[in-house]
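Working notes, beginning with the structure itself.
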Ligand SMILES: [Zn+2]
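In our numbering, the protein residues as written are 18 to 322.
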């Protein structure tokens with residue numbers, strides 16, 4: 018009898034009681050926002066990496082371990098974006114629910130469209146930070162939608178009593194995102210095929226989605242700082258192809274981009290890859306509104322075509 022009740026209690030503990038709030042930890046502010054969009058007031062969401070930080074390199078503070086210890090669900094970007102800081106935190110939380118492979122561990126990359134997946138043997142010479150394909154996939158709104166869908170399906174499973182609520186919030190988000198995409202497509206339409214350079218390979222999903230052509234990077238390889246010889250080659254290529262836009266993520270030193278800009282007449286545009294990267298970027302849709310407005314203004318200013 019006693020054994021039976023322990024087993025019953027154990028089974029009950031797996032699913033949140035009806036109406037309970039699901040405690041979610043998201044590795045980035047983008048995933049935190051997508052979780053809030055579909056979870057509403059049935060989730061409590063906390064974030065580890067802030068939107069203005071380089072998501073490859075985040076300080077692993079002990080306070081995160083305490084928060085992870087209480088989480089029902091951990092949502093991660095995956096593709097090794099967080100490999101330098103998240104695994105030890107998750108391990109030290111000793112929370113069985115959110116370990117990789119457990120029910121409360123959601124890797125949003127598994128249902129996303131991933132670009133730049135390396136083929137053949139991977140070596141360090143290929144770069145330091147993208148060995149499993151490009152992890153910056155949330156910068157295609159189609160992938161934001163896919164991540165939101167993965168999150169809503171997970172929440173509906175964990176808290177079945179609120180599944181209808183989650184699904185209706187997802188439907189609303191999907192609709193608002195589709196409306197916003199029409200607006201972004203219209204803003205970007207005049208610049209199809211525009212050649213640009215970016216600092217890090219943060220933007221392949223964004224540039225593919227909106228039809229820009231990235232002809233080079235300030236980093237010689239992902240995660241490898243600029244070298245003089247690579248910079249000279251890049252300047253030559255930018256002059257040849259008349260590239261006037263140089264996108265830089267907010268957490269990189271502007272010294273090299275500015276010297277490239279001086280040599281080529283290009284404009285340095287500091288564009289945020291994440292929610293929370295700027296005060297105005299309060300949610301996932303605001304991220305694209307902010308970035309596209311900034312980018313279009315810069316393109317118009319340089320007269321680039
Ligand atoms: Zn990266």
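Just so it is clear, CB atoms sit at the ideal spot from N, CA and C, and this is done for glycine as well.
Cα-Cα separation, residue i to residue j
i           : j           : result
residue 73  : residue 101 : 7 Å
residue 224 : residue 308 : 12 Å
residue 138 : residue 148 : 10 Å
residue 29  : residue 113 : Low local confidence applies: a pLDDT of 46 at residue 29 is under 50, so the model's placement there is unreliable, and no value is given.
residue 229 : residue 247 : 22 Å
residue 313 : residue 110 : 44 Å
residue 269 : residue 262 : 16 Å
residue 306 : residue 205 : 11 Å
residue 171 : residue 208 : 38 Å
residue 184 : residue 173 : 8 Å
residue 116 : residue 135 : 26 Å
residue 71  : residue 155 : 15 Å
residue 197 : residue 226 : 14 Å
residue 85  : residue 259 : 48 Å
residue 133 : residue 289 : 21 Å
residue 60  : residue 122 : 15 Å
residue 82  : residue 320 : 49 Å
residue 50  : residue 168 : 11 Å
residue 130 : residue 266 : 22 Å
residue 299 : residue 46  : 10 Å
residue 27  : residue 189 : Low per-residue confidence applies at residue 27: pLDDT is 44, beneath 50, and the placement is therefore not dependable, though the value from the model is reported in the following sentence. Straight-line Cα distance between these residues: approximately 35 Å.
residue 14  : residue 186 : With the chain represented from 18 up to 322, any question about residue 14 goes unanswered, as that position is not in the structure.
Proximity test, residue i beta-carbon vs ligand 1 heavy atom, cut-off 7 Å
i           : result
residue 289 : no
residue 218 : yes
residue 247 : no
residue 214 : no
residue 152 : yes
residue 267 : no
residue 148 : no
residue 239 : yes
Proximity test, residue i beta-carbon vs ligand 2 heavy atom, cut-off 7 Å
i           : result
residue 278 : No copy of ligand 2 appears in this structure; the ligands present are ligand 1.
Legend entry - Unbroken stretches of the beta strand (DSSP E), 3 residues or longer, contained in the segment 113-188: Runs found: 122-124.
Inset, instruction - Could you tell me which uninterrupted beta strand (DSSP E) segments, each at least 3 residues in length, are contained entirely in the segment 44-121, listed from first to last along the chain? - result: Taking 3 residues as the minimum length, the beta strand (DSSP E) runs contained wholly in the segment 44-121 are 60-66, 90-93, in order along the chain.
Inset, instruction - Could you say if the segment 75-87 and the segment 53-62 meet the contact criterion of at least three C-beta pairs nearer than 8 Å? - result: The segment 75-87 vs the segment 53-62: no contact.
Legend entry - Cβ contact check for the segment 209-225 and the segment 241-260: 3 or more pairs under 8 Å: With the cut-off at 8 Å, the segment 209-225 and the segment 241-260 touch.
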